[in-house]
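In our numbering, the protein residues as written are 1 to 209.
Yeah, the Cβ is synthetic: ideal placement off N, Cα and C, and Gly gets one too.
Note sheet for the following structure.
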Ligand SMILES: C[S@@+](CC[C@H](N)C(=O)[O-])C[C@H]1O[C@@H](n2cnc3c(N)ncnc32)[C@H](O)[C@@H]1O
């Protein structure tokens, strides 16, 4: 895909509510859905109009394409699809959310350039920051808490190339990265007779490939 002057990626832009300039000329906005104005009654101007419909677990960009990546995925897994909140912010798949977030972060990291910055936003209503960060292949430099209930966290990551020492916490092999939560997912999948084999395989690939 030709990116020209697009060196910023919003990997799940939703309604672009966090942007001061919702049409920033150097940014490519993606989301896995389109929603027209009027799709939610309480926010008549809310719309989801990504530049490209794309899945953050399968980004269609070359490695090292962006200087800044914004990753603000859904954070709730217990919502009905038609709830206002799900329509506004999307929702996590209750079965695959660990895989999806792990793979999403890994993809964001892949398309981030050396010395590029990744901003990750998370709300701890249902899942703690500790849990979600344990799914990622890197650790943040620092973070900050916002929101009326102090549940919204912002984290800053930088991609330091190996030639310059690498990012401190880069995990280099599968053995370095069997997080508790993912072990638990694998156990649940392995224990469940109904779990399809390929779901387990996909989770393993997200982490260990
Ligand atoms: C928390 S909202 C983003 C809000 C946005 N930052 C804003 O300022 O309005 C999360 C968005 O992620 C999108 N999303 C969920 N799964 C996705 C996926 N696999 N790939 C791309 N976007 C996804 C949802 O459709 C939703 O719009």
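**Message:** Would residue 85 and residue 8 be called neighbours here (beta carbons separated by less than 8 Å)?
**Reply:** The residue you call residue 85 lines up with position 85 of the chain shown. The residue you call residue 8 lines up with position 8 of the chain shown. No, Cβ-Cβ distance for residue 85 and residue 8 is not below 8 Å.
**Beta-carbon separation (whole angstroms), residue 40 vs residue 87, contact threshold 8 Å** = Along the chain shown, one-based indexing puts residue 40 at 40. Along the chain shown, one-based indexing puts residue 87 at 87. With a Cβ gap of about 5 Å, residue 40 and residue 87 count as contacting.
**Asked** Which partner residues does residue 8 have in the DSSP bridge list?
**Response** Counting from 1 along the chain shown, the entry for residue 8 is found at position 8. According to DSSP, residue 8 bridges with 27 and 68.
**Asked** Does the pairing of the stretch 110 to 117 with the stretch 39 to 57 give three or more beta-carbon distances under 8 Å?
**Response** no
**Message:** If I follow the unbroken beta strand (DSSP E) through residue 113, where does it start and stop?
**Reply:** Locating residue 113 in the chain shown gives position 113, counting from the first residue. Residues 112 to 123.
**Prompt:** Just the Cα atoms here: how many angstroms apart are residue 73 and residue 122?
**Reply:** Residue numbering aside, residue 73 sits at position 73 when the chain shown is read from its first letter. Residue numbering aside, residue 122 sits at position 122 when the chain shown is read from its first letter. Roughly 8 Å between the two C-alpha positions.
**Prompt:** With distances taken between CB atoms, is the gap from residue 75 to residue 127 smaller than 8 Å?
**Reply:** In the chain shown, the residue the question calls residue 75 occupies position 75. In the chain shown, the residue the question calls residue 127 occupies position 127. Their beta carbons are under 8 Å apart, which means residue 75 touches residue 127 by this criterion.
**Message:** Quick check: what's the CA-CA separation for residue 92 versus residue 161?
**Reply:** Within the chain shown, residue 92 is the residue found at index 92, counting from 1. Within the chain shown, residue 161 is the residue found at index 161, counting from 1. Looking at the two C-alpha atoms, the distance is approximately 31 Å.
**Prompt:** Going by other Cβ atoms of all chains shown within 10 Å of its Cβ, with 16 needed for buried, is residue 94 buried or exposed?
**Reply:** As a first step, residue 94 must be located in the chain shown, where it is residue number 94. Residue 94 should be labelled exposed.
**Asked** Among 19, 52 and 81, which has the Cα closest to the Cα of residue 2?
**Response** Counting from 1 along the chain shown, the entry for residue 2 is found at position 2. Among 19, 52 and 81, the Cα nearest to that of residue 2 belongs to 52.
**Asked** How many Å lie between residue 106 and residue 60 at the Cα?
**Response** On the chain shown, position 106 is the one that residue 106 refers to. On the chain shown, position 60 is the one that residue 60 refers to. Using only the alpha carbons, I get a separation of about 13 Å.
**Message:** How far does the alpha helix (DSSP H) with residue 131 in it extend, from its first residue to its last?
**Reply:** Residue numbering aside, residue 131 sits at position 131 when the chain shown is read from its first letter. From DSSP, the alpha helix (DSSP H) with residue 131 extends over 129 to 133.
**Prompt:** Between the Cα of residue 62 and the Cα atoms of 17, 100, 110 and 164, which residue gives the shortest distance?
**Reply:** One-based indexing of the chain shown puts residue 62 at position 62. When only C-alpha atoms are compared, the closest one is 110.
**Request:** Starting from the C-beta of residue 120, find all residues in its chain whose C-beta is less than 6 Å away, skip the five residues before and the five after it, and write them out in chain order.
**Result:** Taking the chain shown and counting its residues from 1, one reaches residue 120 at position 120. Closer than 6 Å at Cβ, skipping near neighbours: 71 and 155.
**Message:** DSSP three-state label for residue 97, please.
**Reply:** Indexing the chain shown from 1 puts residue 97 at position 97. Looking at residue 97 - three-state DSSP - the assignment turns out to be helix.
**Message:** Is any non-hydrogen atom of ligand 1 found closer than 7 Å to the C-beta of residue 56, if you look at the structure I gave you?
**Reply:** Within the chain shown, the letter at position 56 stands for residue 56. For ligand 1, at least one heavy atom lies less than 7 Å from the Cβ of residue 56.
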